[in-house]
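Participant:
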Amino acid sequence: MYNKKKNPHPASIRKSEATPLGQVINEMFDAYHLNRKVDQTQVVNLWPKLMGKAIASRTKGVFMKDSKLFVTVESSALKQELLMSKERIIHLFREELGKEVVKEIVLL
Numbered sequence: 510m511y512n513k514k515k516n517p518h519p520a521s522i523r524k525s526e527a528t529p530l531g532q533v534i535n536e537m538f539d540a541y542h543l544n545r546k547v548d549q550t551q552v553v554n555l556w557p558k559l560m561g562k563a564i565a566s567r568t569k570g571v572f573m574k575d576s577k578l579f580v581t582v583e584s585s586a587l588k589q590e591l592l593m594s595k596e597r598i599i600h601l602f603r604e605e606l607g608k609e610v611v612k613e614i615v616l617l
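Read left to right, the sequence shown gives residues 510 to 617 (this note's numbering).
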């Protein structure tokens, strides 16, 4: 009888150089176009931290679509105040995330 060598499965072949885990994760996020979704989730989760408890408790339905942040405001006085502070709020998100994720704020 004869010995036939099997070729190893591609997943079991080790690369000669190790790739840092962070780089692998970033490549995966790029390949599956997940960066935008992660950024949008971060914005929604940062809303209470950046706006504070008083404003966060009077806003509901915070969500992102494309580069727009949509916020439902319960009080017309607060809505007016947030309308005047749109650019400042966008700047806060840019500083916190290190990039421009929110380009526009829509108050509902």
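Note that beta-carbon positions come from the ideal geometry of N, C-alpha and C, so glycine has one too. Nothing here was measured: the structure is a model prediction, and the numbers come from that model.
(1) With T550 as the anchor, note down where its alpha helix (DSSP H) starts and where it stops.
(2) Starting from E605 and walking both ways along the beta strand (DSSP E), at which residues does that stretch end?
(3) From the DSSP output, in three-state form, read off K588 for me.
(4) E536 lies in the alpha helix (DSSP H); which residues open and close that run?
(5) Assuming R567 and L587 form a contact by the criterion Cβ under 8 Å, report the distance between their Cβ atoms to the nearest whole angstrom.
(6) Examine the Cβ distances between the segment 535-544 and the segment 553-565 and report whether three or more of them are shorter than 8 Å.
Facilitator: On the basis of the data shown:
(1) For the purposes of this step, residue 550 is identified with residue 41 of the sequence shown, where counting begins at 1. That run of the alpha helix (DSSP H) goes N544 to S566.
(2) As a working mapping, residue 605 is identified with position 96 in the sequence shown. Run containing E605: none in the beta strand (DSSP E); it sits in the alpha helix (DSSP H), K595 to L606.
(3) Sequence index remark: in the sequence shown, residue 588 carries index 79 (1-based). K588 falls in the helix class under three-state DSSP.
(4) In the sequence shown, the residue the question calls residue 536 occupies position 27. Here the alpha helix (DSSP H) through E536 covers L530 to A540.
(5) Here residue 567 is taken as the residue at index 58 of the sequence shown, counted from 1. Here residue 587 is taken as the residue at index 78 of the sequence shown, counted from 1. Correct: roughly 5 Å between the Cβ atoms.
(6) no
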